[in-house]
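First residue of the sequence shown? That's 1 in full-length UniProt numbering, and the numbers climb one at a time after it. For each residue, glycine too, the CB sits at the ideal point set by N, CA and C.
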Amino acid sequence: MDSLQDGYMLRNGVKIPCIGFGTWKSPDDVVCESVKMAIQAGYRHIDGAAAYANEAGVGKGIRESGVPREELFITSKLPNADHGYEKAKKSFDKTLEHLGLDYLDLYLIHWPVVIEHKDDYEQDILDTWRAFEELYGAGKIRAIGVSNFMIEHLEILKNHAKIMPMVNQVQLHPQHPQEEMAAYCKENQIVPEAWSPLIQGQAFKRELLKEMAAKYDRTVAQICIRWIMQKGVIPLPKASSMERISGNADVFDFEIGEDDMEKIATLRTYGMIGEEPSIPRTRQVVGF
């Protein structure tokens, strides 16, 4: 990968850019400006979700960016409260309305097990996914996938669905490398994405990452993002200033050595943020 416009080819031939711009926890006015700055800085992949409650701002930023819609790759996610075949289809229509778009490039099930369906989560996943397959077949979504799915959840779709997810967006960073998950995704032609690549700010507290930043004459953020990229995973960094937005994308002219890649992964001892996705999530999305 040599630039923000480079990317991976999904199994259906759709190209997904190698770095996405995150929009979590940004109110409409802030996210609108952030999205415009990101697109100005060269980002073409914008990652959002209905649960972030800022799709109107994201859509406004896209329209005001001046870049043609077809040059952008826009993602959103189904809210936890809208699992199920009929509810998922209606929720998708709301997302398009809020964004002011005619189609999405990628739509994800945000969370695999939700509290309303904790006792029948397998059927819930399949019913919800059936709506995704239908929307994809109708041409309203260019690619479909999931978010926070563990291997056990992906196996449900692998064994019963017509179409396997094309993307799985998960928590993946130096404290939670997810080697087994990344390997599974690659074996099954699923492109993995990494939310919170900067460990929700914890990266800046880790002395090892500070040492690596000094060694490579880079920022801690750039080390984390590059580390994820070298693992064949798409990072989704978030920022609100042009300096940081541009800095997060300035990761194409250096490479982390193999020994240092392994050393960075020793931060796994700190563990993941929050709970495993097998824990039922309530209607309120906390984190990603």
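Return the CA-CA distance between residue i and residue j, expressed in angstroms with no decimal places.
| i | j | result |
| --- | --- | --- |
| residue 266 | residue 90 | 44 Å |
| residue 132 | residue 126 | 10 Å |
| residue 232 | residue 119 | 35 Å |
| residue 94 | residue 203 | 35 Å |
| residue 40 | residue 152 | 40 Å |
| residue 227 | residue 278 | 27 Å |
| residue 215 | residue 26 | 33 Å |
| residue 208 | residue 106 | 35 Å |
| residue 275 | residue 236 | 20 Å |
| residue 174 | residue 264 | 6 Å |
| residue 10 | residue 186 | 11 Å |
| residue 130 | residue 161 | 8 Å |
| residue 1 | residue 242 | 22 Å |
Assuming residue i contacts residue j under a Cβ cut-off of 8 Å, what Cβ separation, rounded to an integer in Å, is found between them?
| i | j | result |
| --- | --- | --- |
| residue 212 | residue 223 | 5 Å |
| residue 146 | residue 16 | With 8 Å as the limit, residue 146 and residue 16 do not qualify as a contact, their Cβ atoms being about 14 Å apart. |
| residue 52 | residue 23 | 6 Å |
| residue 74 | residue 101 | 7 Å |
Under 6 Å Cβ to Cβ from residue i, same chain only, skipping five residues before and after it: list those, please.
| i | result |
| --- | --- |
| residue 281 | 80, 111 and 114 |
| residue 284 | Its pLDDT being 48, under 50, residue 284 is placed unreliably in this model, and the coordinates cannot settle the point. |
Keeping to the same chain, check which residues put their C-beta closer than 8 Å to that of residue i; ignore five residues upstream and five downstream.
| i | result |
| --- | --- |
| residue 188 | 154, 158 and 164 |
| residue 156 | 122, 125 and 126 |
| residue 36 | 61, 64 and 65 |
Output needed for residue i: all residues of its chain with C-beta closer than 7 Å, excluding positions within five of it in sequence on either side, in chain order.
| i | result |
| --- | --- |
| residue 49 | 76, 77 and 110 |
| residue 7 | 15, 16, 17 and 18 |
Using a threshold of 7 Å, is the CB atom of residue i nearer than that to any non-hydrogen atom of the ligand HEM?
| i | result |
| --- | --- |
| residue 274 | The ligand HEM is not among the ligands present in this structure, which contains no ligands whatsoever. |
### Message
If contact is defined by three or more beta carbon pairs under 8 Å, each pair taking one atom from either stretch, is the stretch 79-86 in contact with the stretch 55-69?
### Response
no
### Task
For the stretch 268-277 and the stretch 236-247, state whether three or more C-beta atom pairs, one from each stretch, are separated by less than 8 Å.
As far as the Cβ criterion goes, the stretch 268-277 does not touch the stretch 236-247, which means the pair count is below three.
### Message
Between the stretch 138-156 and the stretch 251-267, can you find at least three pairs of beta-carbon atoms closer than 8 Å?
### Response
no
### Query
In the stretch 147-208, which residue ranges form an unbroken beta strand (DSSP E) of at least 3 residues, counting only runs that do not cross its ends?
167-171 and 191-195
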